[in-house]
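In what follows, a structure is listed as structure tokens, so that the remarks can point back to it.
Residue numbers (my numbering), protein chains in the order written: chain A, 13 to 126; chain B, 26 to 139.
In structure tokens, the structure reads:
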């Protein structure tokens with residue numbers, strides 16, 4: 013079974029600064045997808061960014077980028093120029109190319125201070 | 026385009042009653058997934074459906090829970106004889122048939138059991 017581990021229950025960052033959220037996963041598959049979802053206090057689940065394992069280039073979406081280390085099974089999220097609206101729970105998730113069920117980590121609560 | 030629509034947003038039931046949660050996928054999406062989020066936890070996969078077919082229900086509790094996605098109308102997650110432990114947020118996601126397309130989530134239904 014695949015497991016996703018987020019080792020930071022809480023993180024804090026000052027507005028305009030950069031923060032990195034960690035995620036590791038365990039799998040024996042070679043082809044899979046990785047995601048970061050954001051859950052603000054409104055409880056919506058919002059897709060932030062995704063990465064295909066067969067692509068070596070790290071995905072980027074505006075201020076959000078990932079550091080994907082396939083050999084280390086690591087998938088961290090970097091948020092640049094943090095904004096107050098970035099405050100939320102962030103969940104790392106995985107699904108294999110042969111599957112469809114998303115496996116989620118327990119989440120990291122991000123606090124953004126003025 | 027309307028996103029994934031879930032209703033109701035909040036549902037309160039007494040122990041022993043039935044709960045019915047509805048999910049209309051995004052236009053063009055034929056795959057539906059249900060996840061459950063317990064307090065302070067990440068989302069856990071419950072079931073994956075296509076029109077008129079249950080593809081994978083490995084995450085569903087063996088008793089009292091059922092799901093359907095009829096040819097016409099929304100997907101329904103049904104919980105019979107609810108107990109306090111069923112209190113959670115239930116999220117529906119949908120995706121097109123392409124496996125490499127991400128799942129898009131609804132806003133969830135928060136189920137509270139009195």
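C-beta atoms are modelled at their ideal positions from N, C-alpha and C, and glycine is treated no differently.
Every value quoted in this text rests on a predicted model; they were computed, and no experiment measured them.
Residue i: contacting residues in chain A (beta-carbon distance under 8 Å)
i: residue 73 of chain B; result: 112 and 113
i: residue 70 of chain B; result: 113, 114 and 115
i: residue 84 of chain B; result: 113
7 Å Cβ cutoff met for residue i and residue j
i: residue 62 of chain B; j: residue 27 of chain B; result: no
i: residue 36 of chain A; j: residue 86 of chain A; result: yes
i: residue 88 of chain A; j: residue 74 of chain A; result: no
i: residue 117 of chain A; j: residue 67 of chain B; result: yes
i: residue 122 of chain A; j: residue 57 of chain A; result: no
i: residue 37 of chain B; j: residue 137 of chain B; result: yes
i: residue 127 of chain B; j: residue 59 of chain A; result: yes
i: residue 71 of chain A; j: residue 63 of chain A; result: yes
i: residue 92 of chain A; j: residue 30 of chain A; result: yes
i: residue 94 of chain B; j: residue 74 of chain B; result: yes
Cβ neighbour criterion (16 or more within 10 Å) applied to residue i
i: residue 96 of chain A; result: exposed
i: residue 28 of chain A; result: exposed
i: residue 40 of chain A; result: exposed
i: residue 50 of chain A; result: buried
i: residue 49 of chain B; result: buried
i: residue 134 of chain B; result: buried
i: residue 54 of chain A; result: exposed
i: residue 98 of chain A; result: buried
i: residue 125 of chain A; result: exposed
i: residue 56 of chain B; result: buried
i: residue 78 of chain B; result: exposed
i: residue 118 of chain B; result: buried
i: residue 114 of chain A; result: buried
i: residue 26 of chain A; result: exposed
i: residue 94 of chain A; result: buried
Chain A contact residues for residue i, given Cβ-Cβ distances below 7 Å
i: residue 128 of chain B; result: 114
i: residue 66 of chain B; result: 118
i: residue 123 of chain B; result: Within 7 Å Cβ-Cβ: nothing; residue 123 of chain B doesn't reach chain A, min ~11 Å.
Neighbouring residues, chain B, relative to residue i (Cβ below 9 Å)
i: residue 47 of chain A; result: 127 and 128
i: residue 59 of chain A; result: 127, 128, 129 and 130
Nearest-angstrom beta carbon gap, residue j and residue i [assumed within contact, 8 Å]
i: residue 99 of chain B; j: residue 47 of chain B; result: 4 Å
i: residue 96 of chain B; j: residue 76 of chain B; result: 6 Å
i: residue 104 of chain B; j: residue 43 of chain B; result: 7 Å
i: residue 105 of chain A; j: residue 47 of chain A; result: 4 Å
i: residue 60 of chain B; j: residue 69 of chain B; result: 6 Å
i: residue 92 of chain B; j: residue 72 of chain B; result: 5 Å
i: residue 38 of chain A; j: residue 66 of chain A; result: With 8 Å as the limit, residue 38 of chain A and residue 66 of chain A do not qualify as a contact, their Cβ atoms being about 19 Å apart.
i: residue 21 of chain A; j: residue 120 of chain A; result: 7 Å
Per-residue contacts from residue i into chain B (C-beta, under 7 Å)
i: residue 62 of chain A; result: 127
i: residue 69 of chain A; result: Neighbours of residue 69 of chain A on chain B: none; closest Cβ ~16 Å, over 7 Å.
Contacts of residue i in chain B (Cβ-Cβ under 8 Å)
i: residue 103 of chain A; result: 67 and 68
i: residue 56 of chain A; result: 130, 132 and 133
Proximal chain A residues relative to residue i, where beta-carbon distance stays under 9 Å
i: residue 114 of chain B; result: 55
i: residue 81 of chain B; result: 111, 112 and 113
Cβ of residue i within 7 Å of any chain D Cβ
i: residue 100 of chain B; result: Included in the structure are the protein chains A and B, with no chain D among them.
Checklist entry - Which runs of the alpha helix (DSSP H) spanning at least 4 residues fall entirely within the region 79 to 135 of chain B, listed in chain order? => result Runs found: none.
Checklist entry - Of all the beta strand (DSSP E) runs that stay within the bounds of the region 31 to 56 of chain A, which reach a length of 3 or more residues? => result 31 to 33, 36 to 38 and 44 to 51
Checklist entry - What residue ranges within the region 67 to 125 of chain A form continuous beta strand (DSSP E) runs of no fewer than 3 residues, ordered along the chain? => result 76 to 81, 86 to 91, 100 to 108 and 120 to 125
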